[in-house]
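A quick write-up on the structure given underneath.
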Amino acid sequence: MTPTPLLSVRDLLVRYGQVEALHGVSLNVYPGEIVALIGSNGAGKSTTLRAISGMITAASGSVTFAGQDITNLRSDQIVRQGLAHVPEGRQIFGDQSVFDNLLLGGVSLERRAARTQADQEIRRFPVLFERRRQRAGTLSGGEQQMLAISRGLMSRPRMLLMDEPSMGLAPLLVTLLLVEQLASMALAVADRAYVIQNGVVRLEGSSAAVSRNPEVVRLYLGGAASASA
């Protein structure tokens, strides 16, 4: 029996003004998978994540999550469905404490539940627990990334969209669709991968198979990794 995707994207088209950024992108992510989306600078990787999570509006196409059509829902509605996005750039609130940043990730929870969840998440990365009362803006770049991930997990999502996480993902224990600046790193941790070029998915397959593809080796693995979209 063919498994049902947790996330299914079909023929997604996104425009920025008169410019088409995505031209009919389709992909599936199954429960428990880590799936990588790789491509060169401006290929449409980050745009794909933003369209899925409701940060931008798709011109056409569909996004289905856990059997529900979430196409062009607001970001907060999508979070309540169980799909969270950790965007590139971390987007933490530097003047607020580490703990308060976590609470902001729990807006879909009741206040008491949010505090309980924050108490759990603050312990995921011991350094965050040690610095829980510290202003988030004083954390190192790596520590801010830990905070962004923990904040994304505050809503107890079934799946995370991660834009350049740049750190170990195995302990997160959720389904992942990730964009990573280093294609070699993404392929090393992912179960499957999609290659996107100029807003079109050109290749998909197991990470092992994609890693052996001569064109992928030449473009993404033979030298410096390509930058994010």
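According to this note's numbering, the stretch in the sequence shown is residues 1281 to 1509, in order.
Note that CB positions come from ideal geometry on N, CA and C, so glycine has one too.
What you are looking at is a predicted structure, and each value in this text was computed from that prediction instead of being measured.
When DSSP states are grouped into helix, strand and coil, Met1465 belongs to the helix group. Residue pairing for Asn1308: DSSP places it in a beta bridge opposite Ser1288. Within the stretch 1404–1434, the alpha helix (DSSP H) runs of at least 4 residues that lie entirely inside it are, in chain order, 1406–1410 and 1421–1432.
Counting along the chain, the unbroken beta strand (DSSP E) around Arg1472 starts and ends at Arg1472 to Gln1477.
For Glu1313, the closest of Arg1392, Ser1333, Asp1380 and Leu1287 by C-alpha to C-alpha distance is Leu1287.
Note on geometry: alpha-carbon atoms of Val1309 and Val1496 lie some 21 Å from one another. In the three-state scheme derived from DSSP, where H, G and I count as helix and E and B as strand, Thr1351 is classed as coil. Taking 8 Å as the upper bound for CB-CB distance, Leu1293 and Gly1304 are in contact here, some 6 Å apart. Under the Cβ criterion (8 Å, minimum of three pairs), the stretch 1399–1415 does not count as touching the stretch 1453–1462.
For Glu1484, the uninterrupted beta strand (DSSP E) run begins and ends at Val1480 to Ser1486, by DSSP. Only exposed fits Thr1337, as fewer than 16 other CB atoms lie within 10 angstroms of its CB. Ile1476 and Ala1339 do not touch by the CB rule: their CB atoms are close to 17 Å apart, not below 8 Å. Contact holds between the stretch 1423–1437 and the stretch 1379–1394, because three or more Cβ pairs, one in each stretch, are under 8 Å apart.
Looking at the DSSP output, Ala1398 shares a beta bridge with no other residue. Residue environment: Glu1444 is assigned as buried (16 or more neighbouring CB atoms within 10 Å of its CB, all protein chains considered).
For Ile1332, the enclosing alpha helix (DSSP H) stretches over residues Lys1325 to Ser1333.
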